[in-house]
Amino acid sequence: MERIRWGIIGAGRIAHTFAQDTKFTDHGVVQAVAAREGAAARSFADRHSIPDAHQGYAALYNSDQVDAVYIATPHTLHLQHASDALRAGKAVLCEKPLTTSAHECRQLMDVASSTGGYLMEAMWTWFLPAIRKAKEWVDDGRIGQLRHIKADFGYPLPYRHDSREYNVDLAGGCLLDMGVYPVALAALFAGRDPESIKVSARHAPNGVEDDVVALFDYPDFVATIATSFRCKLPNSACIVGDAGYIVIPDFFRARECELWVLDDRLEHFEAHRQGTGFEYQVEAVNRDLIAGRRQSEIVTLSDSLRFQEHMDRIRARF
Numbered sequence: 004m005e006r007i008r009w010g011i012i013g014a015g016r017i018a019h020t021f022a023q024d025t026k027f028t029d030h031g032v033v034q035a036v037a038a039r040e041g042a043a044a045r046s047f048a049d050r051h052s053i054p055d056a057h058q059g060y061a062a063l064y065n066s067d068q069v070d071a072v073y074i075a076t077p078h079t080l081h082l083q084h085a086s087d088a089l090r091a092g093k094a095v096l097c098e099k100p101l102t103t104s105a106h107e108c109r110q111l112m113d114v115a116s117s118t119g120g121y122l123m124e125a126m127w128t129w130f131l132p133a134i135r136k137a138k139e140w141v142d143d144g145r146i147g148q149l150r151h152i153k154a155d156f157g158y159p160l161p162y163r164h165d166s167r168e169y170n171v172d173l174a175g176g177c178l179l180d181m182g183v184y185p186v187a188l189a190a191l192f193a194g195r196d197p198e199s200i201k202v203s204a205r206h207a208p209n210g211v212e213d214d215v216v217a218l219f220d221y222p223d224f225v226a227t228i229a230t231s232f233r234c235k236l237p238n239s240a241c242i243v244g245d246a247g248y249i250v251i252p253d254f255f256r257a258r259e260c261e262l263w264v265l266d267d268r269l270e271h272f273e274a275h276r277q278g279t280g281f282e283y284q285v286e287a288v289n290r291d292l293i294a295g296r297r298q299s300e301i302v303t304l305s306d307s308l309r310f311q312e313h314m315d316r317i318r319a320r321f
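Position one of the sequence shown corresponds to residue 4 (this note's numbering), numbered consecutively onward.
Below, the structure is given as structure tokens:
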């Protein structure tokens, strides 16, 4: 198998990014799209020159023209849609957050285990060359012993009680929607669980959290993360050691990173890419499937469970 044929579940904004960026991979092609409304699926397919469009998801799951499924539906639907795709024998790349709780994550991991299927959370940030370079610098000891991890991600989103982002029944709130990015970045560089978590949170009129700051306390360093619907945050990350530090502007979609010692910039890395950055994770999955792997070696299911456990611990302190 030289090319992985993808089917997309959902026709929203992020699905468009996936379809566009898959064109910049060496071993992937989008074969089909499915949406609740047939007209939406056909419009999406026409826009991206996708051969097959389906109303409803079952036909895509059961198509012998599809090898792997990308799930781009709201996160409260991820458990069901990913489970259905795995049981139909498809490999699954599911948008973040993989599920809405650690309990759901374990359920989905059980489905992947029982079916023998490939499952990965679409934590695309971890595949970006600038993030990989920053991790390489840390692993090589370029900043010495880790002391601080700082990351934030937030955009202003005016309150509307009927919007998905603020809908209690759809697991609304800034933590799952945006906070998963800094939570995952902290997990990448910490590589372990914090001993304790302190949280300061603000809430929208309906009780959904719309601004969160969390302090993760480890034995020898701390991680400070923030997420917000109330304001635009810098959306940057800084990894600080006792011998230097790394700055990552716009870390969630990072194109560059810088290595500093005191007031001197020693190195600057910049990636030049064709797409928005999704292509790196898509190609990684393509290569995994061609090689017969059942799980990513970069974003493992244990990593995804860690994200969920950390977010559960944050929510418990609202």
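Built from N, CA and C at the ideal position, the CB exists for glycine as well.
Predicted model only: the values in this text are computed from it and were never measured.
Check, Outcome
"How about the region 261-281 and the region 125-139: do they share at least three Cβ pairs that are nearer than 8 Å?", "yes"
"What residue range is occupied by the uninterrupted alpha helix (DSSP H) comprising H106?", "A105 to T118"
"Which of the three DSSP states is assigned to A62 in this structure?", "helix"
"Which stretch, first to last residue, makes up the alpha helix (DSSP H) that contains Q83?", "H81 to R90"
"Using 8 Å as the threshold, is the region 93-112 in touch with the region 254-264, meaning 3 or more CB pairs across them?", "no"
"Would you list the residues sitting across from D214 in a DSSP beta bridge?", "R205 and S231"
"Residues in its own chain within less than 6 Å of S116 by CB, not counting five upstream and five downstream?", "none"
"Going by beta-carbon coordinates alone, are I17 and E98 separated by less than 8 Å?", "yes"
"For R8, which option in D24, Q68 and A44 has the closest C-alpha, if you only look at C-alpha atoms?", "Q68"
"Is there contact here, the region 242-253 with the region 168-181, by at least three beta-carbon pairs under 8 Å?", "no"
"Taking H51 as the reference, give the member of R233, H57, Q34 and R39 with the closest Cα.", "Q34"
"So, using beta-carbon positions, are F1 and P159 closer together than 8 Å?", "Since the first and last residues shown for the chain are 4 and 321, residue 1 lies out of range."
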